[in-house]
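**Q**
Residue numbers (my numbering), protein chains in the order written: chain A, 9 to 202; chain B, 9 to 202.
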């Protein structure tokens, strides 16, 4: 490969207090494995003088990064609930829609259903065997880390979600799974270029 | 338009106890407005004799429906947390990635930040003015219904999310917002064909 492949760095990392520092850590790791990282906050300096509303400006900047990227790594660590951050999940769908390679990790090793069971009242339907939550909505029981659309999008590309049981205080900062994704991506791209 | 446009019907509706009946209600409304509805469970009969794992079979069936659809309507009602169902959000990203028209409704009229504030400990950072949750992660404060990637994807297409304050017992069955999306879609498509 003659040019440095670009990786879009998706995740709730942007909500951290030191979000910019996290981007720098991830971009340094990308460089170590022969990639260039594109981080959603890279445009930060431009944001305050934009002539469009700030949320639209951020959306357009992320879309621009995603279209420029050759692949993406998603931090799917559950965020304020049993599932991954909604913005990150949107971007995963967007990349799959574009037909680009996706890799992902989560810092929570549990199955989705175990988190849902712990978060509130659940019951098993005697007739069908389905698990249901307090609203009567069925709970997926496939042994996946998240909703099946998420897990299967990655499985279908032969890059299943890498699950890593991070320490609670490092839930949103542990980069073990991120680095495993980088190694996997480097291997996939080098085998494609030979 | 010479053929009937196909609408993919995305949402946590598939988790309802009477999920198939909900699909029939939505498809009948689609037909009333001149559309054909494609519902994720339409393949139900095939599911049990598939030679692949069931979650992968469902994923592939949904992808097939999404690729066949001309547009989609998303039920973004918050699901087990402050944000929409993760599978639905994945599909929204997928459609936007494909460049197809998307419409959406939610049966919760509140802003994302108000749901997050009510769900747990939050505090305002005196220095930056940012709201942060108990994990120290910032909370978006743009007056949006959900993560900005979701709201802005729809805003960018000039079909902002339709918010409807459904009664609590009809949170996942009220179709007022869905029908408003159908009317909007019918108007958009008829103006494009003239």
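All residues carry an ideal CB built from backbone N, CA and C; glycine is no exception.
Treat the numbers as computed from the prediction; the structure is a model and nothing was measured.
1) Classify residue 102 (chain A) as helix, strand or coil using the three-state DSSP reduction.
2) Taking a contact to mean a Cβ-Cβ separation below 7 Å, would you say residue 114 (chain A) touches residue 153 (chain A) in this structure?
3) Assuming contact is defined by CB atoms lying nearer than 7 Å, are residue 147 (chain A) and residue 170 (chain A) in contact in what I supplied?
4) So with Cβ pairs under 7 Å, would you call residue 21 (chain A) a contact of chain B?
5) List, in chain order, every chain B residue whose beta-carbon is nearer than 9 Å to that of residue 67 (chain A).
6) Is residue 93 (chain B) a contact residue of the ligand ATP, with contact defined as CB to any heavy atom under 6 Å?
7) Interface residues of chain A around residue 88 (chain B) at Cβ under 7 Å?
8) Does the beta-carbon of residue 191 (chain B) have 16 or more other beta-carbons within 10 angstroms, so that it is buried, or is it exposed?
9) Which class does residue 183 (chain B) belong to by DSSP, given the choice of helix, strand or coil?
10) For residue 50 (chain B), which option in B:64, B:35, B:108 has the closest C-alpha, if you only look at C-alpha atoms?
11) Along the chain, where does the beta strand (DSSP E) that runs through residue 45 (chain B) open and close?
12) Buried or exposed, going by whether 16 or more other CB atoms sit within 10 Å of the CB of residue 128 (chain B)?
13) Is it true that the CB of residue 64 (chain A) sits closer than 7 Å to the CB of residue 160 (chain B)?
14) Can you tell me where the beta strand (DSSP E) with residue 60 (chain A) in it begins and where it stops?
15) Does chain B have any CB closer than 7 Å to the CB of residue 111 (chain A)?
16) Hey, would you say residue 112 (chain A) sits closer than 7 Å to residue 84 (chain A), going by beta carbons?
17) Measuring straight from C-alpha to C-alpha, what distance separates residue 42 (chain A) and residue 12 (chain A)?
18) Rounded to whole angstroms, how far is the Cβ of residue 88 (chain B) from the Cβ of residue 89 (chain A), which I believe are closer than 8 Å?
19) Give the straight-line distance between the Cα atoms of residue 28 (chain A) and residue 22 (chain A), rounded to the nearest whole angstrom.
20) Have a look at A:132, A:26, A:16, A:194 and flag the residue whose alpha-carbon is nearest the alpha-carbon of residue 103 (chain A).
21) Can you give, in chain order, each stretch of the beta strand (DSSP E) that sits fully within the stretch 89-174 of chain A and has at least 3 residues?
22) State the Cα-Cα distance for the pair residue 131 (chain B) and residue 62 (chain A), rounded to the nearest angstrom.
23) Tell me the DSSP bridge mates of residue 86 (chain B)?
24) Based on Cα-Cα distance, which residue from A:157, A:45, A:98 lies nearest to residue 79 (chain A)?
25) So, under 8 Å CB-CB, residue 92 (chain A) and residue 158 (chain A) are touching, yes? Tell me the CB distance rounded to an integer number of Å.
26) Just mark residue 193 (chain B) as buried or exposed, buried being the case when its beta carbon has 16 or more other beta carbons within 10 Å.
**A** Short version:
1) Of the three classes helix, strand and coil, the one that applies to residue 102 (chain A) here is helix, per DSSP.
2) In this structure, the beta-carbon distance from residue 114 (chain A) to residue 153 (chain A) falls below 7 Å.
3) Cβ distance not < 7 Å, so residue 147 (chain A) and residue 170 (chain A) don't count as in contact.
4) Judged by the 7 Å Cβ criterion, residue 21 (chain A) is not in contact with chain B.
5) The contact set of residue 67 (chain A) on chain B, defined by CB atoms closer than 9 Å, consists of 156, 157, 159, 160, 161, 163, 164 in chain order.
6) Among the components modelled here there is no ligand, and therefore nothing to report on the ligand ATP.
7) Taking a Cβ-Cβ cut-off of 7 Å, the neighbours of residue 88 (chain B) in chain A comprise 89, 90, 124, 141, given in sequence order.
8) Answer is exposed; the Cβ neighbour count stays below 16.
9) DSSP places residue 183 (chain B) in coil when its eight states are reduced to three.
10) For residue 50 (chain B), the closest of B:64, B:35, B:108 by C-alpha to C-alpha distance is B:35.
11) Looking at the DSSP string, the run of the beta strand (DSSP E) that includes residue 45 (chain B) is 44-46.
12) Exposed, by the Cβ-count rule.
13) Cβ distance < 7 Å, so residue 160 (chain B) and residue 64 (chain A) count as in contact.
14) Unbroken run through residue 60 (chain A): none, as it is neither H nor E.
15) Taking Cβ atoms only, chain B never reaches closer than 7 Å to residue 111 (chain A), which makes this a no.
16) Yes, Cβ-Cβ distance for residue 112 (chain A) and residue 84 (chain A) is below 7 Å.
17) Residue 12 (chain A) has its alpha-carbon roughly 7 Å from the corresponding atom of residue 42 (chain A).
18) Rounded, the Cβ-Cβ distance is 6 Å, consistent with contact.
19) Approximately 8 Å between the Cα atoms of the pair.
20) The shortest Cα separation from residue 103 (chain A) among A:132, A:26, A:16, A:194 belongs to A:16.
21) Segments of the beta strand (DSSP E) lying fully in the stretch 89-174 of chain A: 110-114, 130-132, 139-141.
22) Approximately 22 Å, taken between the alpha carbons.
23) According to DSSP, residue 86 (chain B) bridges with B:92.
24) Residue A:45 is the option with its Cα nearest to residue 79 (chain A).
25) At roughly 7 Å, the Cβ-Cβ gap stays under 8 Å, so residue 92 (chain A) and residue 158 (chain A) are in contact.
26) Buried, since its Cβ has 16 or more Cβ neighbours within 10 Å.
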